[in-house]
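Residue numbers (the working numbering), protein chains in the order written: chain A, 1 to 471; chain B, 472 to 948. A virtual CB, placed ideally from N, CA and C, is assigned to each residue, including glycine.
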Amino acid sequence: MVFSSLIFLYFFLPMNLVLYFVCKNLTYRNMVLIIFSLAFYAWGEPVWVILLIFSAAIDYFHGLIIERNRGTWKAKAALISSIVLNLSLLGFFKYSNFIAQNINTLFGANIPLNNFHLPIGISFYTFQTLSYVIDVYRNDTRAQPSFIKFLLFVSLFHQLVAGPIVRYSDIAQEIDERVITVTEMYSGINRFVTGLGKKVLLANTAGEIAEPFLNGDLQQLSTVGAWIGIILYSFQIYFDFSGYSDMAIGMGKMIGFHYRENFNYPYISKSVTEFWRRWHISLGTFFRDYVYIPLGGNRSHHIRNLLIVWFLTGLWHGASWNFVIWGLFYGIIIILEKKLLSKILNKIPAFISHIYLLLTVMVAWVFFCFTDTGRAFAYIGVMLGVGSNPFYTVQDSMAILNNGLFFIIAALGCTPVVPVLKKRMDDMLKDWKYKDLAFDICHPAINIMLILLSTAFLVGKTYNPFLYFRF
Amino acid sequence: MKSKYINLIVFFTCLVGIGILNIFAEDRAVSEYENRTLEQFPEFSAQDLFSGEFFKKIDIYFSDQFVWRDSFVRISSEVKDLKGLPGSDGATVIVQGGFNDAEEHGSPPEIGASGEEPFNGPVETIPSEPDIEPWLTPVPEAGAENKPEMTPGPTGLPTLEPTPEPTHVPVQKSEPTPTPAEEKDDNGRKVGKILIYNNSAMQLFKANTEAEACYADTLNKFKEKAGENIKVYSLLAPTSIEFIDNEKYKSLSDSQKDAIDRVNEMLDGVVTVDAYSKLREHKDEYIYFRTDHHWTALGAYYAYAGFAEAAGFEAVPLERYETETIEDYLGSLYDMTSSSTLRKHPDTITVYKPFVDNEYHVWYEGPVKLKVIDMSHAAQKNKYRVFISGDRPLGIIKTDVQNGRKILVIKDSYGNAMVPFLLPHYEEIYVVDPRQYGKNIFKLIQDNDIGEVVFLNYALIVGDKNFAGLIEKVMNQ
Chain A
1 MVFSSLIFLY FFLPMNLVLY FVCKNLTYRN MVLIIFSLAF YAWGEPVWVI
51 LLIFSAAIDY FHGLIIERNR GTWKAKAALI SSIVLNLSLL GFFKYSNFIA
101 QNINTLFGAN IPLNNFHLPI GISFYTFQTL SYVIDVYRND TRAQPSFIKF
151 LLFVSLFHQL VAGPIVRYSD IAQEIDERVI TVTEMYSGIN RFVTGLGKKV
201 LLANTAGEIA EPFLNGDLQQ LSTVGAWIGI ILYSFQIYFD FSGYSDMAIG
251 MGKMIGFHYR ENFNYPYISK SVTEFWRRWH ISLGTFFRDY VYIPLGGNRS
301 HHIRNLLIVW FLTGLWHGAS WNFVIWGLFY GIIIILEKKL LSKILNKIPA
351 FISHIYLLLT VMVAWVFFCF TDTGRAFAYI GVMLGVGSNP FYTVQDSMAI
401 LNNGLFFIIA ALGCTPVVPV LKKRMDDMLK DWKYKDLAFD ICHPAINIML
451 ILLSTAFLVG KTYNPFLYFR F
Chain B
472 MKSKYINLIV FFTCLVGIGI LNIFAEDRAV SEYENRTLEQ FPEFSAQDLF
522 SGEFFKKIDI YFSDQFVWRD SFVRISSEVK DLKGLPGSDG ATVIVQGGFN
572 DAEEHGSPPE IGASGEEPFN GPVETIPSEP DIEPWLTPVP EAGAENKPEM
622 TPGPTGLPTL EPTPEPTHVP VQKSEPTPTP AEEKDDNGRK VGKILIYNNS
672 AMQLFKANTE AEACYADTLN KFKEKAGENI KVYSLLAPTS IEFIDNEKYK
722 SLSDSQKDAI DRVNEMLDGV VTVDAYSKLR EHKDEYIYFR TDHHWTALGA
772 YYAYAGFAEA AGFEAVPLER YETETIEDYL GSLYDMTSSS TLRKHPDTIT
822 VYKPFVDNEY HVWYEGPVKL KVIDMSHAAQ KNKYRVFISG DRPLGIIKTD
872 VQNGRKILVI KDSYGNAMVP FLLPHYEEIY VVDPRQYGKN IFKLIQDNDI
922 GEVVFLNYAL IVGDKNFAGL IEKVMNQ
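Take a look at the structure:
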């Protein structure tokens, strides 16, 4: 199931919330959440839901073993066993065909491919359980003695299929004890609705407009058209993914869970290093804490460590070379920035750094967008005006004229303009005694408009993929 | 603090309220607004359950039966129209991945069998709303303005009415046989483009000189095999984009005139029919549908006038025909684009009723009697089927003309609107749709002593090699 589906919005979520609040006892509430989470997963993966439970069970037991044998070789063995098992599951379901294909092409071997499809969210939940076991081993957190509670952490539908990657330690307390306040629910609702709007109104629309440019005939694509296409793709992927995170964070807040922020206006960054502190934060910190620092961080083999991290970051996004190229591209730029560029970037005017960042990110998205690397390079060729492609066609001007307003709204949506304006208004009206009331009326009014408009778009939609679903 | 509850109440009321309304709302079979049947609650099967198909169907069902669906669809298309800059003329290009993907060839249409439902549009991007084409289901009331004196379909053959025939759309990107996929773009994706401008949808044409040569080559081979005594014509009908009155948008599409000229140049021994200039003379008339990729019967008539010159007979003046009209037709291009502009400007189909006595049979396992102009289709979704009842593998019309002339029309669905005009000139007319016909075409010609063959298709078929492949197939069966 996806958050931006009507059955989720008007059947699953209200049922879940009503049953949740009807139960007063935390144990029952947790049961409600688990049942709904498994149903949520089974909706898309009726078979692999078993794998999810199996994976949770493995890490649950490993966690216990580590805790009981803390400080002994047994703990270490359990840690290694858990890492091996988790990565094997991920490797088998996500990477086995990729590896086989590469061996087949390289050595002319003939390893048969399996035809499983990738179980939804496996990349997310393996990382979550992996981080749990490592944290227990490092004594950063206590092992969860109850399997039900552990399963709740793993399967919680808010973040199950598309992140954010929630660390067990972040919500360990909240599994046992949650406080729900009106203010929290209030802001959770706002957050959820914002995410819904970002996904349905902005990401889907950008995807629709981008389609002819990205997936059309490359020979006919103009330079301007190639840029339009990749700009729209940049909008789409940001609103899609951050919208999903907003919805997850919002739903968490509604019932007393607090997940960490996953995005912080990445497109306003001034360097790639900054971009990655603002983009998919939960993934970046995962690799930082569990790969980069254990490898030695910046103290030993700095460049090697960076390349490994970025190779893995790329590979995590998909079992295909284009993602590896995408990751390594970032790795190399970040190394350059650390060694050289950062001094320059600090000195030049801010708008030039912004342009540098946006251009780099857009070029990178080309590799992310096309699994076929040949096509990605050809597309970049068109963007650079290499070859015989036209510079500009009628179709480009049509796309700009017909969607001009959308471009402006989407560009503004990538900046913190809304929170800034809200803050300004708040300051301006601070002496007005009905200020709070006015805000409390405006919020639901805006929310209901966004919900109904999103509903209209979903009902009338022809297009609603979650980009992050493949990972 | 208390006022904070407003947000909570509004949010929950909205979700729970609309949720409850959905549970109690009655299911509808058809959306007249969208011109399609709506998904019903799926039947349970263990296989569907484990493959996830069952839940997918429920998703579609839920969305299709959503309360106030029509209003929501309208709101979304109207809001989407607002995203342009002022001064834009609203012209858009819509890309169809998997354009025309599913085609006649999927399942041989057997009378009474329930055919596969064809699937248009980008499959992987439409998880919950596949274009399940409801041609088969009569749309109640949709043809209410039809004259009551019309006979409802072929008498004596009531079983034929729900004939589950597949879509009528001519081949342009279809894959009839597993031939090499040359019509795919460089990424292996099938792409077709539709321009919407001035309340009309038009397919864009991409010239492909290789495919043109292939077409000409195949026809030349056909002529050679058919022999001296059989006259072979080639009629390529330009499509609506060719006569658009806006130079800027015209430039989006390659010239069909040039493509037709190039093909005609290469033809050897095949008589070329100049439908193009006839249509151009009348380009300001209603010769193409706005919401459908076909020409109107009027457009077909002008092409027929061109054919009459080539075939050496006098075209019957249009005044000779009695006409009937069908209002509110939303055709294939509306289905593909769901454009609100098109929806607001539906087409009118005018039919010219044959004055020559005739008997029309289509052949599957055996003959089935049909009508050349079959107004029963006026009440159904695919109203273009009023012309010779849509695409059939083989149709045979026998008239009382008694001049001994026999013609074989090898056509796509463009041919359907023109065939009725041939009745006054031929004693026997054989209509073959190569996408469905599975027998040797020369055998048909010899067995029936046919003297003339016309290849009657729209110009887009020379944009890829499919058509040539199909002709090869029926030549070598």
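Residue i in three-state terms, based on DSSP
| i | result |
| --- | --- |
| I228/A | helix |
| L865/B | strand |
| P838/B | strand |
| V2/A | coil |
| I932/B | helix |
| N829/B | strand |
| Y460/B | Chain B is shown from 472 up to 948; residue 460/B falls before or after that span and cannot be answered. |
| K473/B | coil |
| E923/B | strand |
| P641/B | The predicted position of P641/B is uncertain, since its pLDDT is 35 and thus under 50; a value taken from the coordinates is nonetheless stated next. Three-state DSSP puts P641/B in coil, outside helix and strand. |
| D800/B | The amino acid occupying residue 800/B in the given sequence is Tyr; Asp does not appear at that position. Here Y800/B sits in strand by DSSP. |
| I348/A | coil |
| V734/B | helix |
| Y668/B | strand |
Rounded distance between the beta-carbons of residue j and residue i, thought under 8 Å
| i | j | result |
| --- | --- | --- |
| M362/A | I230/A | 5 Å |
| K842/B | Y831/B | 6 Å |
| I731/B | L666/B | The Cβ separation is near 20 Å, so there is no contact. |
| R260/A | D170/A | 6 Å |
| L218/A | V382/A | 7 Å |
| L201/A | G555/B | L201/A to G555/B, Cβ: 16 Å. No contact. |
Of the listed residues the options, nearest to residue i (C-alpha basis)
| i | options | result |
| --- | --- | --- |
| Q173/A | S234/A, F54/A and G256/A | G256/A |
| V32/A | F351/A, V18/A and A143/A | V18/A |
| K270/A | I409/A, I80/A, Y244/A and F351/A | F351/A |
| I900/B | D560/B, Y805/B and I868/B | I868/B |
| E785/B | Y773/B, T796/B, E795/B and T794/B | Y773/B |
| S88/A | S55/A, S353/A, G381/A and L401/A | S55/A |
| A930/B | Y885/B, R906/B, I912/B and Y908/B | Y885/B |
| G837/B | P817/B, K754/B and R863/B | R863/B |
| I180/A | Y132/A, D240/A and M254/A | M254/A |
| A376/A | A109/A, A100/A and F213/A | F213/A |
| S522/B | A57/A, A42/A and L51/A | A42/A |
| I175/A | H258/A, Y238/A and I53/A | H258/A |
| T393/A | D541/B, D739/B, V564/B and H765/B | V564/B |
| E45/A | A75/A, W276/A, F61/A and G121/A | G121/A |
| F938/B | G488/B, C685/B, F483/B and L813/B | C685/B |
Under 7 Å from the C-beta of residue i: neighbouring residues of chain B
| i | result |
| --- | --- |
| D436/A | S474 |
| W43/A | F526 |
| M398/A | A562, T563 and V564 |
| I448/A | V481 and C485 |
Cross-chain neighbours of residue i in chain B, by beta carbon under 9 Å
| i | result |
| --- | --- |
| F368/A | Ordered by position in chain B, no residue passes the 9 Å Cβ test against F368/A, which lies about 16 Å from the chain. |
Cross-chain neighbours of residue i in chain A, by beta carbon under 7 Å
| i | result |
| --- | --- |
| L486/B | L9, Y10, L13 and P14 |
Run of the beta strand (DSSP E) containing residue i, from where it starts to where it stops
| i | result |
| --- | --- |
| I881/B | K877 to K882 |
| L706/B | K702 to A708 |
| Y901/B | E899 to V903 |
| S1029/B | There is simply no residue 1029/B to check, as chain B begins at 472 and stops at 948 in what is shown. |
Beta-carbon neighbours of residue i, restricted to chain A and to distances below 9 Å
| i | result |
| --- | --- |
| F543/B | L452, T455, A456, F457, L458, V459 and G460 |
| R751/B | Residues of chain A passing the Cβ test: none, with the nearest at roughly 22 Å. |
| K696/B | None at all; the shortest Cβ gap to chain A is about 35 Å. |
Residues that residue i contacts on chain B, provided the C-beta gap is smaller than 8 Å
| i | result |
| --- | --- |
| I441/A | S474 and I477 |
| I189/A | N478, L479 and F482 |
Where residue i meets chain A, residues with beta-carbon distance less than 8 Å
| i | result |
| --- | --- |
| N493/B | Y10 and F11 |
| Y720/B | V394 |
Alpha helix (DSSP H) segment containing residue i, residue limits
| i | result |
| --- | --- |
| I820/B | Counting along the chain, I820/B falls outside any alpha helix (DSSP H), though it belongs to the beta strand (DSSP E) covering D818 to K824. |
| S542/B | R540 to K551 |
| S454/A | K435 to V459 |
| T680/B | T680 to A697 |
| M946/B | N937 to N947 |
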